[in-house]
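There are 2 protein chains.
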Amino acid sequence: PPPPPSAPPPPSRPPLSAATRRRFGPLRLRVPAENRRQAFVLRGARVLSNARGSAPGQLFLERGRALALLPGPFSEMAPMFLEAVLPALRKRFASRLRVRRALFRFGGISESAADERLRPVLRASRGVEFTLLAGPGLVELHASASAATARGAQEALELVRARVERRMRGHLCRHGETLESALGEALLQRGWRLAAAESCTGGLLSKRLTDVPGASRWFLGSAVAYGNALKRSLLGVSGRTLARFGAVSAACAREMARGARERFGADAALSITGIAGPTGGTKAKPVGTAFIGLSLPGRTTAFRRVSPGTREGIRERTVSAALWRLYRELTRIPGN
Amino acid sequence: PPPPPSAPPPPSRPPLSAATRRRFGPLRLRVPAENRRQAFVLRGARVLSNARGSAPGQLFLERGRALALLPGPFSEMAPMFLEAVLPALRKRFASRLRVRRALFRFGGISESAADERLRPVLRASRGVEFTLLAGPGLVELHASASAATARGAQEALELVRARVERRMRGHLCRHGETLESALGEALLQRGWRLAAAESCTGGLLSKRLTDVPGASRWFLGSAVAYGNALKRSLLGVSGRTLARFGAVSAACAREMARGARERFGADAALSITGIAGPTGGTKAKPVGTAFIGLSLPGRTTAFRRVSPGTREGIRERTVSAALWRLYRELTRIPGN
Numbered sequence: 315p316p317p318p319p320s321a322p323p324p325p326s327r328p329p330l331s332a333a334t335r336r337r338f339g340p341l342r343l344r345v346p347a348e349n350r351r352q353a354f355v356l357r358g359a360r361v362l363s364n365a366r367g368s369a370p371g372q373l374f375l376e377r378g379r380a381l382a383l384l385p386g387p388f389s390e391m392a393p394m395f396l397e398a399v400l401p402a403l404r405k406r407f408a409s410r411l412r413v414r415r416a417l418f419r420f421g422g423i424s425e426s427a428a429d430e431r432l433r434p435v436l437r438a439s440r441g442v443e444f445t446l447l448a449g450p451g452l453v454e455l456h457a458s459a460s461a462a463t464a465r466g467a468q469e470a471l472e473l474v475r476a477r478v479e480r481r482m483r484g485h486l487c488r489h490g491e492t493l494e495s496a497l498g499e500a501l502l503q504r505g506w507r508l509a510a511a512e513s514c515t516g517g518l519l520s521k522r523l524t525d526v527p528g529a530s531r532w533f534l535g536s537a538v539a540y541g542n543a544l545k546r547s548l549l550g551v552s553g554r555t556l557a558r559f560g561a562v563s564a565a566c567a568r569e570m571a572r573g574a575r576e577r578f579g580a581d582a583a584l585s586i587t588g589i590a591g592p593t594g595g596t597k598a599k600p601v602g603t604a605f606i607g608l609s610l611p612g613r614t615t616a617f618r619r620v621s622p623g624t625r626e627g628i629r630e631r632t633v634s635a636a637l638w639r640l641y642r643e644l645t646r647i648p649g650n
Numbered sequence: 315p316p317p318p319p320s321a322p323p324p325p326s327r328p329p330l331s332a333a334t335r336r337r338f339g340p341l342r343l344r345v346p347a348e349n350r351r352q353a354f355v356l357r358g359a360r361v362l363s364n365a366r367g368s369a370p371g372q373l374f375l376e377r378g379r380a381l382a383l384l385p386g387p388f389s390e391m392a393p394m395f396l397e398a399v400l401p402a403l404r405k406r407f408a409s410r411l412r413v414r415r416a417l418f419r420f421g422g423i424s425e426s427a428a429d430e431r432l433r434p435v436l437r438a439s440r441g442v443e444f445t446l447l448a449g450p451g452l453v454e455l456h457a458s459a460s461a462a463t464a465r466g467a468q469e470a471l472e473l474v475r476a477r478v479e480r481r482m483r484g485h486l487c488r489h490g491e492t493l494e495s496a497l498g499e500a501l502l503q504r505g506w507r508l509a510a511a512e513s514c515t516g517g518l519l520s521k522r523l524t525d526v527p528g529a530s531r532w533f534l535g536s537a538v539a540y541g542n543a544l545k546r547s548l549l550g551v552s553g554r555t556l557a558r559f560g561a562v563s564a565a566c567a568r569e570m571a572r573g574a575r576e577r578f579g580a581d582a583a584l585s586i587t588g589i590a591g592p593t594g595g596t597k598a599k600p601v602g603t604a605f606i607g608l609s610l611p612g613r614t615t616a617f618r619r620v621s622p623g624t625r626e627g628i629r630e631r632t633v634s635a636a637l638w639r640l641y642r643e644l645t646r647i648p649g650n
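In order, the protein sequence lines correspond to chains F and Y.
Take the first sequence: its letters are residues 315 to 650, numbered as in this note's numbering.
Take the second sequence: its letters are residues 315 to 650, numbered as in this note's numbering.
Here you go:
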């Protein structure tokens with residue numbers, strides 16, 4: 315094995331890293347001493363800029379060994395690893411095997427259920443490595459085929475692609491990196507504007523839609539009608555519906571979606587009303603029950619969705635179900 | 315040292331853990347095989363129930379050693395560690411020192427700035443251990459004083475308390491566990507209902523308010539007016555204000571807050587309008603600029619807040635600033 319890298323030299327003390335200056339400079343904020351201290355780097359390090367925080371990463375590549383120093387919180391460390399360290403390692407330690415990669419995204423299915431359904435494909439595909447990851451809204455399958463030639467790797471990957479697409483029919487997401495951005499792209503393709511109306515998710519549906527930069531091109535806004543008074547005044551839900559079926563009902567979800575679409579001047583609207591818990595459940599409508607409404611030109615529907623988990627998990631899963639339902643309606647890809 | 319624990323026995327296979335049955339049972343969902351597999355436990359293990367997922371934790375305590383098996387995602391592992399493993403370790407490995415603990419929460423200040431401001435207190439307090447943690451909205455300081463007697467530990471802690479409270483004046487949060495629940499308690503104490511109006515935060519303000527179970531007792535709802543048309547129709551922002559000052563202005567924030575308070579029948583209202591990025595910034599209003607409006611009976615104000623970071627970080631910090639401002643207005647604790 316090669317000798318270990320030489321001991322890192324003592325810290326150098328630049329007055330302040332360029333990244334930290336950029337971060338605080340234009341905002342004319344005072345830079346706390348703690349953030350100045352975070353900007354110190356070791357001599358000889360390649361500085362990895364940290365777009366998400368003030369402490370930069372540092373990378374040493376020497377005599378066949380790599381040493382990376384990445385700062386604290388996962389949300390800052392992980393992007394630096396993926397964007398800077400991993401490419402540097404790949405470049406430095408490239409193997410002679412040819413590798414081809416593919417990424418599949420699935421909506422409307424849990425990680426466990428996707429795992430179970432994909433198992434035969436994963437077993438049948440020798441020489442291909444798989445990683446299944448659950449994000450909010452979509453499950454991702456990363457496939458990596460290795461062979462002596464690029465063509466061999468590509469062929470192995472195409473076989474996997476055909477098998478995965480057959481097996482996961484009805485769950486394939488073919489736009490965007492997230493469910494939210496996929497939905498945004500599908501709306502943009504139609505030139506449609508979306509509106510929303512939410513009760514138990516309390517703004518999470520709108521928050522997730524507006525996580526996408528530029529969402530204003532396809533999202534108009536939302537009424538977070540947490541109490542029944544706002545369901546009536548903002549969305550036009552009828553008192554009769556609330557009295558007869560309650561706020562957690564398909565009828566209420568339909569009126570919320572139709573109200574948002576018509577009153578906000580949208581082409582499509584999503585609504586959610588349900589019981590996020592921890593209290594408020596009944597035998598007929600246990601905690602986790604939600605009705606998701608969908609209003610399109612000439613057609614307004616609603617369906618019931620029951621999600622397990624905590625208040626937080628129920629709200630996230632209910633929003634994902636609503637987004638996926640609209641995405642499928644908008645795309646109607648053959649076989650999807 | 316004591317001998318290592320004996321090798322764990324082979325897995326036992328109960329048909330399904332009680333926790334998993336509880337999780338899926340009432341919802342009448344099919345339990346995927348993957349979740350059944352997750353329910354397997356080793357013989358002799360103390361099963362740690364997992365309220366947030368389907369895979370239980372397992373704990374072995376034997377001859378002075380502890381072995382804990384905790385399932386995958388951090389959101390499931392961490393609560394199991396805190397709620398079951400840590401208390402068991404404390405009980406089993408208790409020291410003879412007496413320990414007294416205190417927890418302080420600070421709002422309206424970053425972790426780095428709190429660290430800098432607290433440093434003299436932390437340095438001056440021998441025999442007391444400190445941990446500073448940043449959550450969304452509040453920074454937490456955990457203090458743990460150890461002494462030979464309970465009274466000694468208590469006295470050391472009281473000294474710390476006096477120093478911390480003097481040093482952090484203006485940033486002490488004295489309600490709730492989170493900023494959102496603190497605000498909810500302060501509203502409940504006054505018997506007030508809150509409404510909201512948001513633009514660049516796109517629902518995050520409402521989402522965070524409704525993260526608190528029972529938020530319907532003090533939160534009516536919100537208008538997520540992402541486009542200008544909804545700012546006018548839902549909140550009554552004047553076309554003249556939008557034309558003269560733009561949507562990202564103190565005047566617009568004030569009209570949004572006043573509109574939400576008056577139209578939704580609330581006692582108080584918060585509004586946010588700004589530029590979350592990554593694009594849309596100007597020299598006068600760089601990315602991260604937001605105007606936060608606050609409408610109380612007889613008084614409507616707005617202030618400018620500039621936050622560093624990504625789109626996500628800017629949105630979270632802007633919401634925290636808005637919540638903290640209202641909390642301080644409502645509490646007006648002497649010296650805070």
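Cβ atoms here follow ideal geometry from the backbone N, Cα and C, with glycine treated the same way.
In the structure shown, what three-state DSSP assignment does residue i receive?
{"i": "L384(Y)", "result": "coil"}
{"i": "S536(F)", "result": "strand"}
{"i": "E491(F)", "result": "coil"}
{"i": "F420(Y)", "result": "strand"}
{"i": "V601(Y)", "result": "coil"}
{"i": "R377(Y)", "result": "coil"}
{"i": "R575(F)", "result": "helix"}
{"i": "R440(F)", "result": "coil"}
{"i": "R483(F)", "result": "coil"}
{"i": "V435(F)", "result": "helix"}
{"i": "F617(F)", "result": "strand"}
{"i": "V399(Y)", "result": "helix"}
{"i": "T632(F)", "result": "helix"}
{"i": "R366(F)", "result": "coil"}
With a CB to CB cut of under 7 angstroms and the five nearest residues on each side skipped, what residues in its chain are close to residue i?
{"i": "P592(Y)", "result": "V601, R625"}
{"i": "G551(Y)", "result": "Per the sequence shown, the amino acid found at residue 551(Y) is Val instead of Gly. Result list for V551(Y): K545, C566, E569, M570, G573, in chain order."}
{"i": "R639(Y)", "result": "I606, L608"}
{"i": "Y540(F)", "result": "S513, G516"}
{"i": "A496(F)", "result": "C487, H489, G490, Y641"}
{"i": "G553(Y)", "result": "R546"}
For residue i, tell me which candidate among the options has the shortest Cα-Cα distance.
{"i": "E499(Y)", "options": "K597(Y), L411(Y), L486(Y), R531(Y)", "result": "R531(Y)"}
{"i": "P527(Y)", "options": "V551(Y), L556(Y), E491(Y), V538(Y)", "result": "E491(Y)"}
{"i": "D581(F)", "options": "G594(F), L610(F), G553(F), T603(F)", "result": "L610(F)"}
{"i": "R366(F)", "options": "F388(F), Q372(F), A359(F)", "result": "F388(F)"}
{"i": "V435(F)", "options": "E472(F), S634(F), G627(F), A382(F)", "result": "E472(F)"}
{"i": "E479(Y)", "options": "G386(Y), E576(Y), A428(Y), I628(Y)", "result": "A428(Y)"}
{"i": "I628(F)", "options": "A537(F), L518(F), F559(F)", "result": "L518(F)"}
Could you pull out every residue in the same chain whose Cβ sits closer than 6 angstroms to the Cβ of residue i, ignoring the five residues on either side in sequence?
{"i": "M482(F)", "result": "F420"}
{"i": "S439(F)", "result": "V474"}
{"i": "M391(Y)", "result": "L384"}
Starting from the C-beta of residue i, find all residues in its chain whose C-beta is less than 8 angstroms away, skip the five residues before and the five after it, and write them out in chain order.
{"i": "G535(F)", "result": "A509, A510, S520, F578"}
{"i": "L502(Y)", "result": "R531, W532"}
Alpha carbon to alpha carbon, how far is residue j from residue i? Give it in angstroms, no decimals.
{"i": "P622(Y)", "j": "R642(F)", "result": "37 angstroms"}
{"i": "L384(Y)", "j": "T632(Y)", "result": "35 angstroms"}
{"i": "P324(F)", "j": "A380(F)", "result": "Because P324(F) carries a pLDDT of 47, less than 50, the predicted location of this residue cannot be relied on, and the following value inherits that uncertainty. C-alpha separation (whole angstroms): 18 angstroms."}
{"i": "V399(Y)", "j": "F407(Y)", "result": "12 angstroms"}
{"i": "P401(F)", "j": "L375(F)", "result": "12 angstroms"}
{"i": "T445(F)", "j": "E454(F)", "result": "8 angstroms"}
{"i": "R357(Y)", "j": "R351(Y)", "result": "15 angstroms"}
{"i": "E397(Y)", "j": "L373(Y)", "result": "12 angstroms"}
{"i": "R477(Y)", "j": "F395(F)", "result": "40 angstroms"}
{"i": "P393(Y)", "j": "A598(Y)", "result": "45 angstroms"}
{"i": "H485(F)", "j": "A636(F)", "result": "14 angstroms"}
{"i": "A590(F)", "j": "A604(F)", "result": "8 angstroms"}
{"i": "T614(Y)", "j": "A359(F)", "result": "52 angstroms"}
{"i": "A543(F)", "j": "E576(F)", "result": "19 angstroms"}
{"i": "F354(Y)", "j": "R404(Y)", "result": "27 angstroms"}
{"i": "A448(Y)", "j": "P346(F)", "result": "16 angstroms"}
Which bits of chain A does residue i rub up against, with CB to CB less than 9 angstroms?
{"i": "S609(Y)", "result": "Among the protein chains of the structure shown, namely F and Y, there is no chain A."}
- prompt: Does the region 581-594 of chain Y come close enough to the region 504-515 of chain Y to have 3 or more Cβ pairs within less than 8 angstroms?
  reply: yes
message: Would the region 457-473 of chain F count as touching the region 405-419 of chain F if we require 3 or more Cβ pairs under 8 angstroms?
response: With a cut-off of 8 angstroms on Cβ pairs, the region 457-473 of chain F is in contact with the region 405-419 of chain F, counting three or more such pairs.
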